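Asks:
Protein chains in written order, with the numbering used here: chain P, 75 to 393; chain G, 8 to 249.
1) Which parts of the stretch 134 to 211 of chain G are runs of the beta strand (DSSP E), unbroken and 3 residues or longer, counting only runs that do not cross its ends?
2) Could you run through the stretch 87 to 100 of chain P and flag, in chain order, every residue whose CB is less than 9 angstroms away from some CB of chain B?
3) Using a Cβ-Cβ cut-off of 7 angstroms (strictly less than) and excluding sequence neighbours within five positions of residue 137/G, which residues of its own chain qualify?
4) Quick check on the burial criterion: 16 or more other C-beta atoms within 10 angstroms. Buried or exposed for residue 106/P?
5) Is there a Cβ from chain G that is less than 9 angstroms from the Cβ of residue 115/P?
6) May I ask which residues mark the beginning and end of the alpha helix (DSSP H) holding residue 236/P?
7) Do the stretch 183 to 191 of chain P and the stretch 216 to 232 of chain P meet, that is, are 3 or more Cβ pairs less than 8 angstroms apart?
8) Can you find at least 3 beta carbon pairs, one from the stretch 91 to 108 of chain G and one from the stretch 70 to 83 of chain G, that sit closer than 8 angstroms?
9) In terms of DSSP beta bridges, what is residue 219/G paired with?
10) Please identify, using Cβ separations under 8 angstroms, the residues of the stretch 159 to 178 of chain G that lie next to chain P, in order along the chain.
11) Identify each residue in the stretch 56 to 69 of chain G for which the Cβ-Cβ distance to at least one residue of chain P is less than 9 angstroms, and report them in chain order.
12) For chain G, check one thing: does any of its Cβ atoms lie closer than 9 angstroms to the Cβ of residue 384/P?
13) Considering just the uninterrupted stretch of the alpha helix (DSSP H) at residue 257/G, what are its terminal residues?
14) Of all Cβ atoms in chain P, is any one closer than 9 angstroms to the Cβ of residue 209/G?
15) Report the neighbours of residue 224/G on chain P: residues whose CB is nearer than 7 angstroms to its CB, in chain order.
16) Any beta-carbon of chain P closer than 9 angstroms to the one on residue 213/G?
17) Under the criterion of a Cβ to heavy atom distance below 8 angstroms, does residue 129/G qualify as lining the ligand PLP?
18) For the stretch 51 to 59 of chain G against the stretch 124 to 138 of chain P, do three or more pairs of beta-carbon atoms, one drawn from each stretch, fall closer than 8 angstroms, so that the two count as touching?
19) Going by CA-CA distance only, name the one from 155/P, 387/P, 173/P, 266/P that's closest to residue 379/P.
20) Can you give me the start and stop residues for the beta strand (DSSP E) that residue 80/G sits inside?
21) Any Cβ of chain P within less than 9 angstroms of the Cβ of residue 227/G?
22) What number of angstroms, rounded off, separates the C-alpha of residue 197/G from the C-alpha of residue 337/P?
23) Could you confirm whether any beta carbon from chain P is found closer than 9 angstroms to the beta carbon of residue 95/G?
24) Less than 9 angstroms separating the beta-carbons of residue 130/P and residue 386/P?
25) Look up residue 131/G in the DSSP assignment and say whether it is helix, strand or coil.
26) Of the residues 300/P, 370/P, 393/P, 358/P, which one's Cα is nearest the Cα of residue 120/P?
27) Straight-line CA distance for residue 323/P to residue 293/P?
28) Using a 10 Å radius around the Cβ and a threshold of 16 neighbouring Cβ atoms, would you call residue 341/P buried or exposed?
29) Tell me the DSSP bridge mates of residue 114/G?
Okay, here's the thing in structure tokens:
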């Protein structure tokens with residue numbers, strides 16, 4: 075695993091070492107991680123903002139979810155959900171913490187002190203997630219790992235305030251402004267971490283679906299449409315006739331099979347465009363079924379980490 | 008005789024030692040991540056043990072999806088939507104008989120269906136829904152499930168009571184209900200008698216759980232779960248908290 079990328083392979087271990095190093099440690103252009111930073115920052119901002127209307131109602135001292143209740147529901151002291159919000163009991167303290175998190179997410183989106191703002195946004199998202207994991211949704215685990223991996227990358231190197239301000243600010247002690255335009259190992263490392271994590275994540279979501287009948291017999295999409303409290307759009311007209319029933323079956327199979335095949339097909343350069351297109355279609359189609367806006371948007375953003383970094387570099391150079 | 012010198016690393020690349028350390032960190036990290044992702048739906052005893060070992064890392068960083076429903080639906084009854092309804096009555100110290108309903112608070116209410124805030128209330132109701140009685144007294148896990156449902160009902164009831172403090176300075180009394188809305192079959196001809204075509208009609212609502220919640224003179228929250236057929240009986244003695 076320590077073989078230099080340029081060393082000549084002499085055995086399968088050397089082959090594996092070279093492939094490993096090439097996969098994880100080959101420098102790549104930071105434009106793609108910069109684009110991802112904007113997408114993840116926007117979703118983080120949307121996610122944190124969605125707490126604003128209910129912040130005190132949920133987490134206030136007399137709120138619906140006092141820390142004692144959450145602890146009891148989590149099974150007492152056997153879990154690890156550290157959060158500074160447990161100590162913020164007053165509405166003012168809650169709002170200050172929340173506002174700081176939103177400012178950090180905005181700074182991340184704009185690319186201002188990108189690494190620091192990514193870390194602070196991750197901290198704020200973690201704090202609000204760990205404050206009440208019992209009401210965590212699908213988006214939180216994905217958002218947090220994306221933010222953590224963005225902390226590694228020079229995500230402010232392009233399309234950012236950091237890049238605009240770089241000529242006017244000395245590199246030290248403002249290390250966040252020191253991103254240069256050269257290909258970076260950390261860009262590639264960050265992208266690879268996202269890719270592997272996403273592949274495992276897709277497999278998990280697909281395997282969870284295999285437990286029930288609904289994703290096998292093609293009825294799952296109808297079950298989602300039939301939920302009158304959670305569906306954002308009434309699509310029940312789709313049960314009209316046999317052809318539409320087949321459409322619902324096909325829709326169900328598209329979702330299940332795309333998630334199942336994604337972790338295998340996304341690594342091959344010939345099948346990657348097909349599976350990425352299918353996955354994009356799938357997440358867009360899940361949005362009106364579930365109303366999981368942040369989650370579906372984030373999964374769409376996440377598909378970006380599988381796009382070729384070189385193409386983004388060429389695009390940025392051509393600008 | 009000296010071995011040939013390795014070529015110098017390319018500009019911007021990492022030293023061998025740094026790559027080795029990072030490789031080890033990546034392996035350990037993904038070992039933890041794969042274990043928690045592989046045990047997202049059901050956990051074998053071995054996976055349960057490993058998840059416990061990795062918990063300080065994976066739970067602390069919210070990498071463990073736990074029981075989050077990434078399958079969205081499996082077509083079961085418990086995958087139907089459920090909401091919480093809190094009925095408020097003016098006098099917390101008297102029985103409900105003879106009291107007039109002040110108002111009913113719905114959770115969720117009129118939040119946008121495209122935003123997460125609505126889903127959080129549905130998640131709260133889902134906790135009661137999946138822990139509502141199924142196995143009866145013979146179910147050994149029923150007491151634990153009852154306790155979880157009661158914990159949510161008590162917290163929600165207290166929160167809504169405090170939020171709706173009366174002008175007289177007194178706290179109202181609450182009745183917390185978890186209502187599941189049955190989903191319609193895809194083919195309307197399969198509808199049972201008594202169920203209208205409108206999927207939001209009251210006939211589709213089933214009350215899964217009802218509990219009386221009030222704040223006593225000591226400021227403690229008291230919850231009494233209602234048993235079937237409207238018989239009122241304390242679950243395990245009334246529970247209370249400040």
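From the three backbone atoms N, C-alpha and C, an ideal C-beta is built for every residue, glycine too.
Only a predicted model underlies this, so the values are computations on that prediction, with no experimental measurement involved.
Replies: Taking the geometry as given:
1) 180 to 188
2) In the structure shown, chain B does not exist; the protein chains are P and G.
3) Taking the first residue of the second chain as 1, we reach residue 137/G at position 130. Answer for residue 137/G: 85, listed in chain order.
4) As a working mapping, residue 106/P is identified with position 32 in the first chain. By the 10 Å Cβ count, residue 106/P comes out buried.
5) Residue 115/P sits at position 41 when you count from the first residue of the first chain. By this cut-off, residue 115/P is not an interface position.
6) The residue labelled residue 236/P in the question sits at position 162 within the first chain. That run of the alpha helix (DSSP H) goes 235 to 239.
7) yes
8) no
9) Taking the first residue of the second chain as position 1, residue 219/G is located at position 212. Residue 219/G is bridged to 182/G, 231/G.
10) 159, 161, 162, 163, 165, 166, 167, 169, 170
11) 59, 62, 63, 64, 65, 66, 67, 68, 69
12) Residue mapping note: residue 384/P aligns to position 310 of the first chain, counting from 1. Output row for residue 384/P: interface = no.
13) What the structure shows of chain G is the stretch from 8 to 249, and residue 257/G is not part of that stretch, so it cannot be assessed.
14) Locating residue 209/G in the second chain gives position 202, where the first residue counts as 1. Chain P, which has no Cβ nearer than 9 angstroms to the Cβ of residue 209/G, makes this no.
15) Taking the second chain and counting its residues from 1, the one referred to as residue 224/G is at position 217. Result: empty, since nearest Cβ-Cβ is about 17 angstroms, beyond 7 angstroms.
16) Residue 213/G sits at position 206 when you count from the first residue of the second chain. For residue 213/G, the answer is no, since every Cβ of chain P falls outside 9 angstroms of its Cβ.
17) Here there are no bound small molecules, and the ligand PLP is not part of this structure.
18) no
19) In the first chain, counting from the first residue as 1, residue 379/P sits at position 305. When each option's Cα is compared against that of residue 379/P, the closest is 266/P.
20) The residue labelled residue 80/G in the question sits at position 73 within the second chain. Element bounds for residue 80/G: n/a, residue is neither H nor E.
21) In the second chain, residue 227/G corresponds to position 220, counting from 1. No, no contact with chain P.
22) Along the second chain, one-based indexing puts residue 197/G at 190. Along the first chain, one-based indexing puts residue 337/P at 263. Each residue's Cα considered, the two are about 39 angstroms apart.
23) In the second chain, counting from the first residue as 1, residue 95/G sits at position 88. No - not a single Cβ of chain P is within 9 angstroms of the one on residue 95/G.
24) Looking up residue 130/P in the first chain gives position 56. Looking up residue 386/P in the first chain gives position 312. No, these two residues do not count as a Cβ contact at 9 angstroms.
25) For the purposes of this step, residue 131/G is taken as residue 124 along the second chain, with counting starting at 1. In the structure shown, residue 131/G sits in a helix (DSSP, three-state: H, G or I).
26) Position 46 of the first chain, counted from the first residue, corresponds to residue 120/P. Of the candidates 300/P, 370/P, 393/P, 358/P, the one whose C-alpha sits nearest the C-alpha of residue 120/P is 370/P.
27) Your numbering for residue 323/P matches position 249 in the first chain. Your numbering for residue 293/P matches position 219 in the first chain. Each residue's Cα considered, the two are about 6 angstroms apart.
28) Residue 341/P sits at position 267 when you count from the first residue of the first chain. Answer is exposed; the Cβ neighbour count stays below 16.
29) The residue labelled residue 114/G in the question sits at position 107 within the second chain. In the DSSP output, where bridge partners are listed per residue, residue 114/G has 91/G.
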